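Down below is the structure, laid out as structure tokens.
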Amino acid sequence: MRSTSRDALLSACARHSKWEVNMSLRQGLRAFGCRVRGHLYGVPVARSVRSFSEKVTAESKADRSGAESTVDHLIYTREHFALKESLHKIIEKEINPFVDKWEEECMFPAHRVFKILGSAGFLGVNKPIEYGGLGLDFSYSLAVAEELGNIRCGGIPMAIGVQSDMATPALTRFGSDELKKEFLQPTISGDKVACLGVSEVGAGSDVASIKTKAVRNGDDLIINGGKMWTTNGTQADWMCLLANTSEGPPHRNKSLICLPMKLPGIHIARKIDKIGMRSSDTAEIFFEDVRVPYKNIIGQEGMGFMYQMLQFQEERLWGVANCLTMMENVIQETIDYTRQRKIFQQPILHHQAVHFRLAELQTEVELLRSLLYCTTAMYIRGNDVTKQASMAKLKAGRLAREVPDSCLQFWGGMGFCSDVMVSRFYRDFRVLSIGAGADEVMLSIICKYMNTLPKK
Amino acid sequence: MSARVLVGVKRVIDYAVKIRVKPDNTGVVTDGVKHSMNPFCEIAVEEAVKLKEKKLIKEVVAVSCGPQQAQETIRTALAMGADRGIHVEVSGKDYDNLGPLQVSKILAALAKKEETSLIILGKQAIDDDCNQTGQMTAALLDWPQGTFASEVVLEGDKVKVIREIDGGLETVRLKMPAVITADLRLNTPRYATLPNIMKAKKKKIDVVKPGELGVDLTSHLEVLRVDEPPQRQAGMKVETVEELISRLKEAGRM
Chain A
126 MRSTSRDALL
136 SACARHSKWE
146 VNMSLRQGLR
156 AFGCRVRGHL
166 YGVPVARSVR
176 SFSEKVTAES
186 KADRSGAEST
196 VDHLIYTREH
206 FALKESLHKI
216 IEKEINPFVD
226 KWEEECMFPA
236 HRVFKILGSA
246 GFLGVNKPIE
256 YGGLGLDFSY
266 SLAVAEELGN
276 IRCGGIPMAI
286 GVQSDMATPA
296 LTRFGSDELK
306 KEFLQPTISG
316 DKVACLGVSE
326 VGAGSDVASI
336 KTKAVRNGDD
346 LIINGGKMWT
356 TNGTQADWMC
366 LLANTSEGPP
376 HRNKSLICLP
386 MKLPGIHIAR
396 KIDKIGMRSS
406 DTAEIFFEDV
416 RVPYKNIIGQ
426 EGMGFMYQML
436 QFQEERLWGV
446 ANCLTMMENV
456 IQETIDYTRQ
466 RKIFQQPILH
476 HQAVHFRLAE
486 LQTEVELLRS
496 LLYCTTAMYI
506 RGNDVTKQAS
516 MAKLKAGRLA
526 REVPDSCLQF
536 WGGMGFCSDV
546 MVSRFYRDFR
556 VLSIGAGADE
566 VMLSIICKYM
576 NTLPKK
Chain B
5 MSARVLVGVK
15 RVIDYAVKIR
25 VKPDNTGVVT
35 DGVKHSMNPF
45 CEIAVEEAVK
55 LKEKKLIKEV
65 VAVSCGPQQA
75 QETIRTALAM
85 GADRGIHVEV
95 SGKDYDNLGP
105 LQVSKILAAL
115 AKKEETSLII
125 LGKQAIDDDC
135 NQTGQMTAAL
145 LDWPQGTFAS
155 EVVLEGDKVK
165 VIREIDGGLE
175 TVRLKMPAVI
185 TADLRLNTPR
195 YATLPNIMKA
205 KKKKIDVVKP
215 GELGVDLTSH
225 LEVLRVDEPP
235 QRQAGMKVET
245 VEELISRLKE
255 AGRM
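Chains as they are written, first to last, in my numbering: chain A, 126 to 581; chain B, 5 to 258.
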């Protein structure tokens with residue numbers, strides 16, 4: 126036995142409980158490909174007849190999540206874990222087997238998938254019970270977001286997120302009962318597909334400068350303009366639309382409107398061909414004299430911009446929760462791969478540059494998770510968490526690029542192939558720094574709270 | 005009818021987990037490993053809940069034997085629609101030695117205590133593959149049994165069971181009370197929906213000790229050794245049928 130490995134084993138024996146010693150002994154032995162017989166300080170040592178390092182014996186991700194439920198958790202209870210367990214089954218049976226096909230076809234059947242999720246109660250977790258929701262707090266929505274990270278692509282969770290937590294918060298809080306019955310209820314049950322219309326060709330980060338107009342005409346609004354980057358846009362039954370409803374200061378002249386998507390004048394101009402999130406259909410849409418009842422305005426006319434800013438906070442936290450699981454999965458798959466792939470007669474994982482880097486990445490993911498849970502706990506108690514949510518979103522966007530990029534390097538040529546997950550996540554995660562609030566916007570928000578922006 | 009159904013649910017290592025043998029070859033690694041309800045037990049719960057939804061039976065009681073964690077499995081059954089649970093607390097050495105004979109003694113005692121009309125179990129557990137508990141329980145109670153059920157139909161005080169057997173399908177009619185074990189094609193278990201998961205929080209789980217049921221847990225079996233299956237050898241390609249036959253003869257397979 127080499128001296129370094131012996132030191133590692135001895136220190137493991139000294140510091141830990143017997144169970145942990147056995148575990149770390151086993152792993153230590155595996156890492157160094159040792160075959161040791163006999164005993165070390167009274168602790169039985171593996172008497173294997175096969176060299177463990179040859180075999181891919183890494184714990185499946187199932188192992189880790191099993192250990193989760195018996196561990197003390199900051200905000201998740203037994204029900205959160207039962208929820209994740211059930212959702213996991215649905216994902217493994219109804220979604221993951223088809224992901225490769227849907228990625229290739231650049232489309233997934235939103236109505237079918239949302240109906241399955243809606244029937245199981247996963248689309249209305251924090252929505253009111255009167256409309257089919259479960260009336261639970263946002264921590265349950267996050268548990269759903271985290272579990273959806275086990276889907277083998279980024280596009281479908283993003284699409285589900287729009288349906289469950291991005292197109293609906295304002296409607297839930299400020300919409301009339303009539304509007305909620307017509308739009309919120311079927312969205313929660315998965316019968317209607319929702320989309321969010323905020324960004325335009327000429328306005329993304331600068332939400333205040335959108336040009337779409339909804340002009341009052343008797344009891345109706347006439348809508349002209351267009352929307353861009355609309356997730357679920359080609360399949361949606363209704364859109365939560367942000368439009369200018371009056372002249373006046375740009376933060377006070379907009380309204381959120383529930384817009385049915387089959388009305389005359391609505392043109393789905395094209396499905397955008399993107400480098401990632403390919404299974405999610407993203408549409409460019411035009412409105413030409415679209416007529417919708419005035420009562421479809423959510424809440425107060427003119428308050429749309431404010432409502433949308435509020436909606437963004439939940440959207441951002443949701444996005445962070447979602448990418449955490451995906452990043453951990455990418456790291457774990459990279460560990461599994463590099464453990465059995467050899468380079469210069471040793472597994473790639475043995476090289477310190479590799480396992481140290483993965484440890485760094487895992488640490489960063491854990492830090493982001495702590496920020497997320499802390500922010501959620503405060504949000505549930507009714508605090509304004511704009512600063513922390515922006516920080517979390519900023520970090521998530523950057524980390525979600527760093528993790529697949531570093532991991533892909535360790536996969537070598539295989540990482541560049543479409544056959545493996547890491548390349549898909551490399552493409553999918555790039556948009557996290559752009560959508561739902563670009564990094565630069567997040568930085569501006571944080572600076573505003575830090576009082577460092579130049580005064581006008 | 006006041007029919008009560010007892011469903012046995014076992015907590016086993018999740019089917020997706022890669023099993024590892026302990027270094028001392030006394031068993032498999034279970035610490036920190038994901039566990040879930042045995043898939044055949046899920047099918048059993050589903051069948052019981054379906055019968056209740058058809059209003060043919062009144063109450064579904066989920067039973068599990070094991071340490072504290074067995075309650076998680078009972079909660080999954082409650083989230084699927086069972087009305088209440090019974091956790092028979094068995095831990096430590098007793099749990100390591102718990103086998104079909106002990107479990108069937110427990111189930112038989114519970115069935116009598118709870119005035120059960122029907123016991124539905126999974127046909128076997130995916131960890132030990134014994135396929136004995138249902139049969140032993142029926143024998144201890146002197147009840148009729150319908151094992152490997154692919155269809156169950158209640159007909160008054162009788163139950164018709166279509167069984168999957170080697171030669172095809174066999175239909176038997178049993179007079180209740182009876183024991184049924186569920187096979188794969190009996191039904192497709194439902195997902196525990198979120199509303200039901202939250203409702204399950206309020207459902208009751210009673211904790212019982214085997215001694216209270218008058219059951220003796222001593223095992224007459226001793227596990228001597230557990231080994232991994234031998235590693236698969238590489239195959240070889242042959243060019244002609246003659247070569248295939250000669251190689252098979254060489255290997256002593258013919």
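C-beta atoms are modelled at their ideal positions from N, C-alpha and C, and glycine is treated no differently.
Quick caveat, the model's predicted, so the values are computed rather than measured.
**Q.** Residue ranges of each beta strand (DSSP E) within the stretch 206 to 236 of chain B, 3 or longer
**A.** 209 to 212
**Q.** Closer than 8 Å at the beta carbon, the chain A residues around B:Y195
**A.** Within the second sequence, residue 195 of chain B is the residue found at index 191, counting from 1. Within 8 Å Cβ-Cβ: S211, K214, I215 and A245.
Q. Who does A:F411 pair with in a DSSP beta bridge?
A. Mapped onto the first sequence, residue 411 of chain A falls at position 286. Paired residue(s): A:G351 and A:H392.
Q: Count the C-beta pairs between the stretch 349 to 362 of chain A and the stretch 314 to 328 of chain A that are closer than 8 Å, then say yes if the count reaches three, no if not.
A: yes
(Q) Checking the sheet assignment: what are the DSSP bridge partners for B:Q149? (A) The residue given as residue 149 of chain B occupies position 145 in the second sequence. Paired residue(s): B:V183.
Q: Say whether the stretch 423 to 442 of chain A touches the stretch 374 to 381 of chain A, bearing in mind that this needs 3 or more beta-carbon pairs closer than 8 Å, one atom from each stretch.
A: yes
**Q.** Three-state class that DSSP yields for A:P375 in the structure shown
**A.** Position 250 of the first sequence, counted from the start, is the residue given in the question as residue 375 of chain A. In the structure shown, A:P375 sits in coil (DSSP, three-state: anything other than H, G, I, E or B).
Q) Exposed or buried, what is A:L199 when buried is set at 16 or more other beta-carbons lying within 10 Å of its beta-carbon? A) One-based indexing of the first sequence puts residue 199 of chain A at position 74. So A:L199 counts as exposed.
Q: Give the range of the alpha helix (DSSP H) segment to which A:I241 is assigned.
A: The residue given as residue 241 of chain A occupies position 116 in the first sequence. Element bounds for A:I241: A235 to S244.
Q | Under 7 Å from the C-beta of B:I201: neighbouring residues of chain A | A | Residue 201 of chain B sits at position 197 when you count from the first residue of the second sequence. Ordered by position in chain A, the residues that pass the 7 Å Cβ test against B:I201 are E204, A207, L208 and S211.
Q: Give the secondary structure of A:Y432 by DSSP, where H, G and I count as helix, E and B as strand, and everything else as coil.
A: By one-based count along the first sequence, residue 432 of chain A stands at place 307. It is helical.
Q: Just tell me which of A:G390, A:A245, A:S330 and A:V490 has its CA closest to the CA of A:C448.
A: Residue mapping note: residue 448 of chain A aligns to position 323 of the first sequence, counting from 1. Measuring from the Cα of A:C448, the nearest candidate turns out to be A:V490.
(Q) Here's the rule: buried if 16 or more other CB atoms are within 10 angstroms of the residue's CB, otherwise exposed. What is B:A20? (A) Within the second sequence, the letter at position 16 stands for residue 20 of chain B. Per the 10 Å Cβ criterion, exposed.
Q.
So if DSSP puts B:T175 in a beta bridge, which residue, or which two residues, is it bridged to?
A. Here residue 175 of chain B is taken as the residue at index 171 of the second sequence, counted from 1. Note: B:T175 sits in a beta bridge opposite B:I166.
Q.
Would B:L60 pass as an interface residue toward chain A - the criterion being a Cβ-Cβ separation below 7 Å?
A. Within the second sequence, numbered from 1, the residue matching residue 60 of chain B stands at position 56. No, because no Cβ of chain A sits closer than 7 Å to the Cβ of B:L60.
Q) Along chain A, in chain order, which residues have C-beta atoms closer than 7 Å to that of B:K205? A) On the second sequence, residue 205 of chain B is found 201 positions in, with the first residue counted as 1. Chain A residues near B:K205: E204.
Q. Are B:A186 and B:G126 close, meaning C-beta to C-beta below 7 Å?
A. For this step, residue 186 of chain B is matched to residue 182 along the second sequence. For this step, residue 126 of chain B is matched to residue 122 along the second sequence. In contact: B:A186 and B:G126 (Cβ atoms closer than 7 Å).
Q | B:D138 to A:T501 span [Cα, whole Å] | A | The count along the second sequence starts at 1 and reaches residue 138 of chain B at position 134. The count along the first sequence starts at 1 and reaches residue 501 of chain A at position 376. A small fix is needed here, since residue 138 of chain B is Gly in this sequence, not Asp. Each residue's alpha carbon lies about 48 Å from the other.
Q) What separation, rounded to the nearest whole angstrom, lies between the Cα atoms of B:E159 and B:Y195? A) Here residue 159 of chain B corresponds to residue number 155 of the second sequence, with the count starting at 1. Here residue 195 of chain B corresponds to residue number 191 of the second sequence, with the count starting at 1. So the two alpha carbons sit approximately 28 Å from each other.
**Q.** the stretch 208 to 219 of chain A touching the stretch 232 to 251 of chain A, judged by at least three CB pairs closer than 8 Å
**A.** yes
Q | Which residues DSSP lists as bridging A:Q471, in chain order | A | Stepping through the first sequence from its first residue, residue 471 of chain A is reached at position 346. In the DSSP output, where bridge partners are listed per residue, A:Q471 has A:I468.
Q) At a cut of 8 Å, does the stretch 441 to 456 of chain A reach the stretch 255 to 275 of chain A through at least three beta carbon pairs? A) yes
Q) Rounded to a whole number of angstroms, what is the C-alpha to C-alpha distance between B:R15 and B:C69? A) Here residue 15 of chain B refers to the residue found at position 11 of the second sequence. Here residue 69 of chain B refers to the residue found at position 65 of the second sequence. Whole-angstrom Cα-Cα distance: 9 Å.
Q | chain A contact for B:V16 (CB, 7 Å cutoff) | A | Taking the first residue of the second sequence as position 1, residue 16 of chain B is located at position 12. By this cut-off, B:V16 is not an interface position.
Q: For B:K38, collect the residues of the same chain with a Cβ closer than 6 Å to its Cβ; drop the 5 residues on either side in sequence, then sort them by chain order.
A: Counting from one through the second sequence, the residue named residue 38 of chain B turns up at place 34. So the qualifying residues of the chain are D18 and V21.
Q) Of all the residues that make up the stretch 259 to 280 of chain A, which are near chain B by a beta-carbon distance shorter than 9 Å? A) L259, L261, Y265 and V269
Q. Helix, strand or coil: which one does DSSP assign to B:S40?
A. Taking the first residue of the second sequence as position 1, residue 40 of chain B is located at position 36. B:S40: strand per DSSP, three-state reduction.
Q: Within the same chain, show all residues whose beta-carbon is closer than 6 Å to that of A:G274, passing over the 5 residues directly before and after it, in chain order.
A: Position 149 of the first sequence, counted from the first residue, corresponds to residue 274 of chain A. Excluding residues within five positions, the ones whose Cβ falls inside 6 Å are N447, T450 and M451.
Q: Anything in the stretch 220 to 252 of chain A with a Cβ closer than 9 Å to a Cβ of chain B? List those residues in chain order, please.
A: I241, S244, A245, G246, F247, G249 and V250
Q) Around the Cβ of B:P234, are there at least 16 other Cβ atoms within 10 angstroms (buried) or fewer (exposed)? A) Numbered from 1 along the second sequence, position 230 holds the residue referred to as residue 234 of chain B. Per the 10 Å Cβ criterion, exposed.
**Q.** Three-way DSSP call (helix, strand, coil) for A:P253 in this model
**A.** For the purposes of this step, residue 253 of chain A is identified with residue 128 of the first sequence, where counting begins at 1. A:P253 falls in the coil class under three-state DSSP.
(Q) Against B:R79, what residues of chain A qualify as contacts under a CB-to-CB distance less than 7 Å, listed in chain order? (A) Along the second sequence, one-based indexing puts residue 79 of chain B at 75. Those within 7 Å of B:R79 in chain A are A207.
**Q.** B:T77, DSSP secondary structure in three states
**A.** On the second sequence, residue 77 of chain B is found 73 positions in, with the first residue counted as 1. DSSP places B:T77 in helix when its eight states are reduced to three.
**Q.** Beta-carbon proximity check, A:V250 vs A:S266, cutoff 7 Å
**A.** Within the first sequence, residue 250 of chain A is the residue found at index 125, counting from 1. Within the first sequence, residue 266 of chain A is the residue found at index 141, counting from 1. Yes, the pair counts as a contact, with Cβ atoms nearer than the cut-off.
Q | CB contact flag (A:E439, A:P294, <7 Å) | A | Sequence index remark: in the first sequence, residue 439 of chain A carries index 314 (1-based). Sequence index remark: in the first sequence, residue 294 of chain A carries index 169 (1-based). Result yes, Cβ atoms of A:E439 and A:P294 sit closer than 7 Å.
Q | Counted within 10 angstroms of its Cβ, other Cβ atoms place A:H236 as buried (16 or more) or exposed | A | The residue labelled residue 236 of chain A in the question sits at position 111 within the first sequence. Classification of A:H236: exposed, given that the 10 Å Cβ count is below 16.
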